[in-house]
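Asker: All residue numbers for the sequence shown refer to UniProt numbering, where the first residue is 1 and numbers rise by one. In this text, a Cβ means the ideal position worked out from N, Cα and C, and glycines have one as well.
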Amino acid sequence: MTLSGANRCILTTNSDRPGYAVKRLLPPPSPGLSPPVQAVPRVPPHLGPPRLPPGPPHPLPRPPRALPHPAALPQALLLLRSLPFPATNDLNAALRGLAASRHPARSLLLLAGRLLPPPSPPLPRLDALSLSFALRASARCSDAPTTVQIHALVIRLGVTADVRLHTTLVDSYAKCGNLESARKVFDEMTIRDVATWNALMAGLAQGTEPNLALALFHRLADSFQELPSREEPNEVTIVAALSACAQLGSLQDGLRIPCMGMEAMH
């Protein structure tokens, strides 16, 4: 059946949604005549958009501080490259997005200055957050040599390593299988929060030293003075201890862990 005139119907398929048809009515074209052009009504000045005062051009937009969507990472890198003098926060936003993406190794390439092709602006000064995001990427890649290099970079640059950076370093060493270095960084820390204990405990439990993970849990449960004020073991601590018990095949210790954890958290 053929439709004509004002009832003619055209089916268009949306490429983003296969099989989805949209009906669209089109007016019949007149042979030899162009469609009439409708005059656009003028908007009174007081109802129109506000006029910007004359002045210098607006600065280039900055890369987003929040975690960019994976599909927007190429645009974020292009935007970072277009900045003549990128700030440390701009670099950190890109490092964070790449470290959490499906290709965390690109965060390490960006840190090394090899991700942006020339001509590219010089990278700004690195801070604790920059190295922390790079360590997260190194941990996801299980890249032990890169973790050692970033640790050396922390010392060489004289970056003030806070508890968060030290904890990320412990976690990266543990996930890369370098448990000895993870324990060394843990022992050298003067202040440890519960995340620091959880990072080492989980690394020992999932690695080759679950007995040390269980001993670390008992040490934490016996003395809360090693934690900062108003901090206590949490669910992650219990899961790490139970994982150590599972690795050791110790059912009795596994049955006592939840009770000890509840007493510690209350």
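Skipping 5 residues on each side, what residues in its chain have a beta carbon closer than 7 angstroms to that of Leu95?
Answerer: So the list reads Ser107, Leu110, Leu111, Ser130, Phe133, Ala134, once near-sequence residues are dropped.
Asker: For Ser181, tell me which candidate among Arg192, Ile191, Leu200 has the shortest Cα-Cα distance.
Answerer: Cα-wise, what sits closest to Ser181 is Leu200.
Asker: Measuring only the C-alpha atoms, how far is Leu73 from Gly97?
Answerer: So the two alpha carbons sit approximately 7 angstroms from each other.
Asker: Output the boundary residues of the alpha helix (DSSP H) element that contains Cys176.
Answerer: That residue, Cys176, is in no alpha helix (DSSP H); it is neither H nor E in DSSP.
Asker: Could you check whether Leu212 and Trp197 sit closer than 8 angstroms to each other, using their CB atoms as the reference points?
Answerer: Not closer than 8 angstroms, so no.
Asker: Roughly how many angstroms lie between the CA atoms of Ala87 and His103, to the nearest whole one?
Answerer: Approximately 23 angstroms, taken between the alpha carbons.
Asker: Check this for me: beta carbons of Leu165 and Leu123, under 8 angstroms apart or not?
Answerer: Going by C-beta atoms, Leu165 is not nearer than 8 angstroms to Leu123.
Asker: Rounded to whole angstroms, what is the Cα-Cα separation between Val185 and Ser101?
Answerer: Their backbone Cα atoms lie some 27 angstroms apart in a straight line.
Asker: Taking Cβ to Cβ, would you say Val159 is nearer than 8 angstroms to Ala128?
Answerer: Yes, the pair counts as a contact, with Cβ atoms nearer than the cut-off.
Asker: Is the distance from the Cβ of Leu227 to the Cβ of Val194 below 8 angstroms?
Answerer: The answer is yes: Cβ separation under 8 angstroms.
Asker: At 4 residues or longer, what runs of the alpha helix (DSSP H) sit wholly inside the segment 119 to 172?
Answerer: Counting whole runs of 4 or more residues, the segment 119 to 172 contains the alpha helix (DSSP H) stretches 128 to 141, 144 to 157.
Asker: Give, in chain order, every unbroken run of the alpha helix (DSSP H) that is at least 4 residues long and sits entirely within the segment 212 to 259.
Answerer: Qualifying alpha helix (DSSP H) stretches, in chain order: 235 to 248.
Asker: Using a Cβ-Cβ cutoff of less than 6 angstroms, which residues in the same chain neighbour Ala244 once the five nearest sequence positions on both sides are dropped?
Answerer: Cβ within range, chain order: Ala205, Pro210, Ala213, Leu214.
Asker: Under the assumption that Asp171 contacts Gly203 (Cβ atoms under 8 angstroms), give the Cβ distance between them as a whole number of angstroms.
Answerer: At roughly 7 angstroms, the Cβ-Cβ gap stays under 8 angstroms, so Asp171 and Gly203 are in contact.
Asker: Which residue from Ser250, Leu242, Arg136, Pro233 puts its Cα closest to that of Ile257?
Answerer: It is Leu242.
Asker: Quick test of your reading: Leu157 and Leu126, contact by CB under 8 angstroms. State the CB separation rounded to the nearest angstrom.
Answerer: About 6 angstroms; that satisfies the 8 angstroms criterion.
Asker: Which residues bound the alpha helix (DSSP H) around Pro74?
Answerer: 73 to 82 is the extent of the alpha helix (DSSP H) around Pro74.
Asker: To the nearest angstrom, how far is it from the Cα of Asp253 to the Cα of Asn234?
Answerer: Cα-Cα distance, rounded: 18 angstroms.
Asker: In whole angstroms, give me the CA-to-CA distance for Ala76 and Ala137.
Answerer: For Ala76 and Ala137, the distance between alpha carbons rounds to 18 angstroms.
Asker: Given a cut-off of 8 angstroms on the beta-carbon distance, is the pair Gly177 and Ala144 in contact?
Answerer: For Gly177 and Ala144, yes; Cβs fall inside 8 angstroms.
Asker: Start and end of the alpha helix (DSSP H) containing Met201?
Answerer: Met201 -> alpha helix (DSSP H) spans 194 to 206.
Asker: Roughly how many angstroms lie between the CA atoms of Leu83 and Ala93, to the nearest whole one?
Answerer: C-alpha separation (whole angstroms): 14 angstroms.
Asker: Under the rule that 16 or more other beta-carbon atoms within 10 Å means buried, what is Cys141, buried or exposed?
Answerer: Looking at its Cβ environment, which holds 16 or more other Cβ atoms inside 10 Å, Cys141 is buried.
Asker: Could you tell me the distance, in whole angstroms, from the CA atom of Ala105 to the CA atom of Leu169?
Answerer: Each residue's Cα considered, the two are about 17 angstroms apart.
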